[in-house]
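When you read off a place in the sequence shown, starting at 1, and then add 18, the result is the number in the working numbering. The structure under discussion appears below in the form of structure tokens.
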Amino acid sequence: MFNALIVEKDEEGKTSASVQSISLDRLPEGEVTVAVEYSTVNYKDGLCIGPGGGLVRNYPHIPGIDFAGTVEASDDDRYKPGDKVVLTGWRVGEAHWGGYSQKARVKADWLVPLPDGLDTRQAMAVGTAGFTAMLAVMALEDHGIKDGPVLVTGAAGGVGSVATAILANLGHEVAAVTGRPETADYLKSLGATQIVPREEINETTKRPLEAEMWGGCVDAVGGEMLARLLGQMKYGASVSAVGLAGGAALPATVIPFLLRGVNLLGIDSVMQPYDNRLRAWQRIAKDLPMDKLDAMVQPATLADLPKLGKDILKGQVKGRVVVDVNA
Numbered sequence: 019m020f021n022a023l024i025v026e027k028d029e030e031g032k033t034s035a036s037v038q039s040i041s042l043d044r045l046p047e048g049e050v051t052v053a054v055e056y057s058t059v060n061y062k063d064g065l066c067i068g069p070g071g072g073l074v075r076n077y078p079h080i081p082g083i084d085f086a087g088t089v090e091a092s093d094d095d096r097y098k099p100g101d102k103v104v105l106t107g108w109r110v111g112e113a114h115w116g117g118y119s120q121k122a123r124v125k126a127d128w129l130v131p132l133p134d135g136l137d138t139r140q141a142m143a144v145g146t147a148g149f150t151a152m153l154a155v156m157a158l159e160d161h162g163i164k165d166g167p168v169l170v171t172g173a174a175g176g177v178g179s180v181a182t183a184i185l186a187n188l189g190h191e192v193a194a195v196t197g198r199p200e201t202a203d204y205l206k207s208l209g210a211t212q213i214v215p216r217e218e219i220n221e222t223t224k225r226p227l228e229a230e231m232w233g234g235c236v237d238a239v240g241g242e243m244l245a246r247l248l249g250q251m252k253y254g255a256s257v258s259a260v261g262l263a264g265g266a267a268l269p270a271t272v273i274p275f276l277l278r279g280v281n282l283l284g285i286d287s288v289m290q291p292y293d294n295r296l297r298a299w300q301r302i303a304k305d306l307p308m309d310k311l312d313a314m315v316q317p318a319t320l321a322d323l324p325k326l327g328k329d330i331l332k333g334q335v336k337g338r339v340v341v342d343v344n345a
């Protein structure tokens, strides 16, 4: 028997989450069984712990879109007992039981070997948010980051925190956008050299182009803010779009793309091919300063997850939550 956070739905459609003891035979099918050590909390996890957000189809359910741990059993030659592994994406924690459990059983194709230089706790301090941030930075690099500050929106969140730390460590000047003034010192500790109040860039404008300000951007907000900043990008600069906290609509024109050659790069971390996953994790181990990573971490246990799920949906979680599933 082992512990897991089980989300159940009653006849009236209301969900509830609690830590329960379950047996190994309840786990779904898969080639590899992992003794989970750590997981984390993302926006999707908040949805899956609570109302589901349309992500969860079947109940009872175990959320947790990320986990890291040690292979316990494997029917696939690529992994053997004792191997350290990481999982992000592939709709684990949504359509498939996830990492808020002391054991998980998944397809071998969904796993990535833990890269040298990271332990399982650090891997979950990174998690989907940090993995997405690294993919966003890599996409900017592939298209050429221009001179000048690189803008990071939603900078105090999980993706934004890691993106800020990575970009600063790579030598870029980072302008961090936040709606929480109290996070300014935290963002500066990650390497941000400029704090941009959210209200300065969240107002819509009828002008399709403004002064060229940013050499690149990692945008976790979308909506009106993304529409506004597209008109502020330097010629040929790129925006990596990773989120929609500000809404899915994009009230913009094509003018920045046509007159300034701006690139809008969509970043998907869920179905990312294996080779690029491996490349991103190796870059994380190399380019994300571990002291900065430690500063982002808020520890948690399985019992803390129902409250944390609500908090992250309200935008009240700063940095990265690392869940010790065995605590």
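Quick reminder that beta carbons are idealized off the backbone N, C-alpha and C, glycines included.
How many whole angstroms separate the CB atoms of valine 155 and valine 236, which I take to be in contact at a CB cut-off of 8 Å?
About 7 Å separates the CB atoms of valine 155 and valine 236; that is less than 8 Å, so the two are in contact.
With the cut-off set at 8 Å, would you say alanine 210 and alanine 238 are in Cβ contact?
No, Cβ-Cβ distance for alanine 210 and alanine 238 is not below 8 Å.
Helix, strand or coil for glutamine 348? Go by DSSP, reduced to three states.
No statement about residue 348 is possible, as the shown extent of the chain runs from 19 to 345 and does not include it.
What does a CB cutoff of less than 6 Å around glycine 64 pick up in its chain, not counting 5 residues either side in sequence?
For glycine 64, where only same-chain residues beyond five positions count, the Cβ hits under 6 Å are Gly327, Ile330 and Leu331.
So is asparagine 60 buried or exposed if we call it buried at 16+ other beta carbons inside 10 Å?
Buried is the call here.
How about the segment 189 to 205 and the segment 253 to 269: do they share at least three Cβ pairs that are nearer than 8 Å?
Segment contact: the segment 189 to 205 against the segment 253 to 269, fewer than three CB-CB distances shorter than 8 Å; contact not assigned.
Classify valine 369 as helix, strand or coil using the three-state DSSP reduction.
Past the edges of the chain, shown from 19 to 345, lies residue 369, and the structure says nothing about it.
In its own chain, which residues sit with a C-beta less than 8 Å from the C-beta of lysine 98, not counting the 5 before and 5 after it?
Exclusion of the five residues before and after lysine 98 leaves Val89 and Ser92 as the residues of its chain whose Cβ lies within less than 8 Å of its Cβ.
Verify whether the separation of the beta carbon atoms of valine 37 and tyrosine 77 is less than 8 Å.
The answer is no: Cβ separation not under 8 Å.
For aspartate 237, report the span of its alpha helix (DSSP H) as first-last.
For aspartate 237, there is no enclosing alpha helix (DSSP H); the residue is part of the beta strand (DSSP E) that begins and ends at 234 to 237.
In three-state DSSP terms, what is proline 291?
Of the three classes helix, strand and coil, the one that applies to proline 291 here is coil, per DSSP.
Whole-angstrom Cβ separation of valine 257 and isoleucine 285, contact assumed at under 8 Å?
In this structure valine 257 does not touch isoleucine 285 by the C-beta definition: roughly 10 Å separates them, more than the 8 Å allowed.
Between glycine 233 and the rest of its own chain, which residues show a CB-CB distance below 7 Å, the 5 nearest in sequence each way excluded?
Here the set comprises Ile163, Lys164, Asp165, Gly166, Pro167, Val168, Lys252 and Ala255.
Determine the extent of the alpha helix (DSSP H) in which isoleucine 67 is found, giving its start and end residues.
Counting along the chain, the unbroken alpha helix (DSSP H) around isoleucine 67 starts and ends at 61 to 67.
Per-residue burial, glutamine 334 [other beta carbons within 10 Å of its own, 16 or more giving buried]:
So glutamine 334 counts as exposed.
How many angstroms separate the CA atom of leucine 311 from the CA atom of alanine 157?
Rounded to whole angstroms, leucine 311 to alanine 157 spans 21 Å at the Cα level.
contact_flag[the segment 122 to 135, the segment 289 to 298] where n(CB pairs < 8 Å) is 3 or more
The answer is yes - the segment 289 to 298 touches the segment 122 to 135, with three or more Cβ pairs under 8 Å.
So glycine 241 is in the alpha helix (DSSP H); what residue range does that whole segment cover?
Segment 241 to 248, the alpha helix (DSSP H) holding glycine 241.
What does the alpha-carbon distance come out to for the pair glycine 117 and leucine 277?
Straight-line spacing of the CA atoms in glycine 117 and leucine 277 works out to 46 Å.
What runs of the alpha helix (DSSP H), each 4 residues or longer, lie entirely inside the segment 121 to 185?
Correct list: 138 to 161.
So is the beta-carbon of alanine 173 under 7 Å away from any non-hydrogen atom of the ligand NAD?
Ligands in the displayed structure: none, and consequently the ligand NAD is not present.
Unbroken stretches of the beta strand (DSSP E), 3 residues or longer, contained in the segment 255 to 307
The qualifying runs are 256 to 259 and 281 to 284.
Spatial neighbours of alanine 303 within its chain, please: CB distance less than 6 Å, with the 5 preceding and 5 following residues excluded, ordered by chain position.
These residues qualify, in order along the chain: Pro133, Gly135 and Leu136.
Outcome for leucine 42 when other beta-carbon atoms lying within 10 angstroms are tallied against a minimum of 16
Within 10 angstroms of the beta-carbon of leucine 42 lie fewer than 16 other beta-carbons, which makes it exposed.
Using three-state DSSP, classify alanine 95 as helix, strand or coil.
The sequence shown places aspartate at residue 95, rather than the alanine named in the question. DSSP places aspartate 95 in coil when its eight states are reduced to three.
Which value, in whole angstroms, describes the spacing of the CA atoms of proline 199 and methionine 152?
Looking at the two C-alpha atoms, the distance is approximately 25 Å.
Check the DSSP bridge columns for isoleucine 80 and list the partner residues they point to.
Per DSSP, none; premise fails for isoleucine 80.
Pick from Ile213, Ser207 and Ala186 that is closest to glycine 195, judged by C-alpha positions
According to the sequence displayed, residue 195 carries valine and not glycine. That would be Ile213, whose Cα lies nearest to the Cα of valine 195.
Determine the closest residue to leucine 248 out of Glu221, Leu282 and Glu217, with distance taken between C-alpha atoms.
Selection Glu221, Leu282 and Glu217 evaluated against leucine 248 yields Leu282 as nearest (Cα-Cα).
Between the Cα of arginine 109 and the Cα atoms of Asp127, Gly87 and Asp101, which residue gives the shortest distance?
In terms of CA proximity to arginine 109, Asp127 leads the group Asp127, Gly87 and Asp101.
What number of angstroms, rounded off, separates the C-alpha of aspartate 94 from the C-alpha of glutamine 290?
Roughly 21 Å separates the two Cα atoms.
What is the residue span of the beta strand (DSSP E) that proline 317 lies within?
Per DSSP, the unbroken beta strand (DSSP E) holding proline 317 starts and ends at 315 to 319.
What whole-angstrom Cβ distance do serine 244 and asparagine 21 have, given they're in contact under 8 Å?
First, the amino acid is wrong: residue 244 is leucine here, not serine. Between the beta-carbon of leucine 244 and that of asparagine 21 there is about 41 Å, and that puts the pair past the 8 Å contact cut.
Compute the distance between the beta-carbons of lysine 62 and glutamate 30, then report whether it is under 8 Å.
Going by C-beta atoms, lysine 62 is not nearer than 8 Å to glutamate 30.
Looking only at its chain, what residues have a beta carbon closer than 7 Å to the beta carbon of glycine 48, apart from the 5 residues adjacent to it on each side?
The residues are Arg123, Val124 and Lys125.
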